[in-house]
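Using the working numbering, read the sequence shown as starting at 2 and increasing by one per residue.
The structure under discussion appears below in the form of structure tokens.
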Amino acid sequence: MGSGDAWSAGPLDGTEGRAVLLRLVGTVEAVLLICRWCGSEEFEAVERELFCFGCCLPMGVPDGWEEGFPGQFPWNLEPSRARLPARTPGSSEPGENRRCPEGHRVFEVALAFVLTNDRRIHGLTVGLRCPDDGWLHLYIDKARVLPAESRPHESEAAGGSPM
């Protein structure tokens with residue numbers, strides 16, 4: 002999965018060389034998700050989207066919608082890395098709320114971002130934790146974030162079809 006034989010020259014100095022190496026792989030930041038509108042720390046997971054349990058607003062995971070991820074560009078999650086999670090035991094319909102093995106549907110959420118040098122999100126991982134019983138689930142694992150031509154609601158307004 003590497004880049005084959007592609008190599009680039011780097012500094013010989015150990016300290017400077019390690020700093021360049023870290024910039025090469027990107028910066029990783031991990032945060033616990035808190036709704037910026039109501040302050041809730043609990044969310045429901047439906048397909049690839051997270052909805053605040055307090056105010057029901059989407060957080061913008063599938064498209065980088067600016068209200069969910071301020072300052073970011075619109076994006077698409079690369080399909081090969083961002084497949085929908087396997088259905089929860091006992092669920093039968095795609096699009097229904099994700100549930101933990103005990104049947105709870107509200108989660109605390111941790112997000113890990115791989116950032117480029119200009120602090121744009123390049124990769125995304127989403128983890129869920131059921132606050133009632135402690136079950137953990139890696140919901141989206143290392144999805145690659147690709148810039149999109151326009152935001153979904155912009156393409157719909159221009160006569161395009163919704164995703």
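Heads up, the beta-carbon is just placed ideally off N, CA and C, and yes, glycines get one too.
Could you tell me if residue i is buried or exposed, where buried requires 16 or more neighbouring beta carbons within 10 angstroms of its beta carbon?
i             : result
alanine 10    : exposed
cysteine 57   : exposed
leucine 85    : Only weak support exists for where leucine 85 lies, its pLDDT of 48 falling under 50; the value from the coordinates is given anyway. Classification for leucine 85: exposed.
arginine 99   : buried
tryptophan 76 : buried
alanine 144   : buried
leucine 13    : exposed
alanine 20    : exposed
glycine 1     : The structure shown does not extend to residue 1, since the chain spans only 2 to 164, so no value can be given for it.
leucine 129   : buried
leucine 139   : exposed
glycine 18    : exposed
glycine 15    : exposed
cysteine 31   : What sits at residue 31 in the sequence shown is alanine, not cysteine. Classification for alanine 31: exposed.
serine 81     : Because the pLDDT at serine 81 is just 46, under 50, the model does not fix this residue reliably, and the value given afterwards should be weighed accordingly. Burial call: exposed.
leucine 78    : buried
Could you tell me which residues DSSP puts in a beta bridge with residue i?
i              : result
proline 148    : Trp76
asparagine 118 : According to DSSP, which records beta bridges pairwise, asparagine 118 is partnered with nothing at all.
glutamate 109  : Arg130
leucine 1      : It is not possible to answer for residue 1, since the shown part of the chain is limited to 2 through 164.
cysteine 53    : Phe44
leucine 139    : Gly128
proline 59     : Phe52
Which whole-angstrom value is the C-beta distance of residue i and residue j, which I expect to be below 8 Å?
i             : j             : result
proline 63    : arginine 49   : 4 Å
valine 146    : leucine 125   : 6 Å
leucine 33    : glutamate 109 : 7 Å
aspartate 142 : histidine 105 : At roughly 21 Å, the Cβ-Cβ gap does not stay under 8 Å, so aspartate 142 and histidine 105 are not in contact.
glycine 61    : cysteine 36   : The pair is not a contact, with the Cβ atoms about 12 Å apart (cut-off 8 Å).
Check whether the Cβ of residue i sits closer than 8 Å to any heavy atom of the ligand MN, and report yes or no.
i         : result
valine 21 : Annotation note on the ligand MN: not contained in the displayed structure, which lists no ligands.
**Report entry** Sufficient close CB pairs (3 or more, under 8 Å) joining the segment 38-58 to the segment 16-26
**Finding:** Judged by Cβ distances under 8 Å, the segment 38-58 makes no contact with the segment 16-26, as fewer than three pairs qualify.
Requested in this report: Note down, one range per segment and in chain order, each beta strand (DSSP E) of at least 3 residues found wholly within the segment 10-50.
Outcome: Uninterrupted beta strand (DSSP E) stretches at least 3 residues long and entirely within the segment 10-50 occur at 28-33, 44-47, given in chain order.
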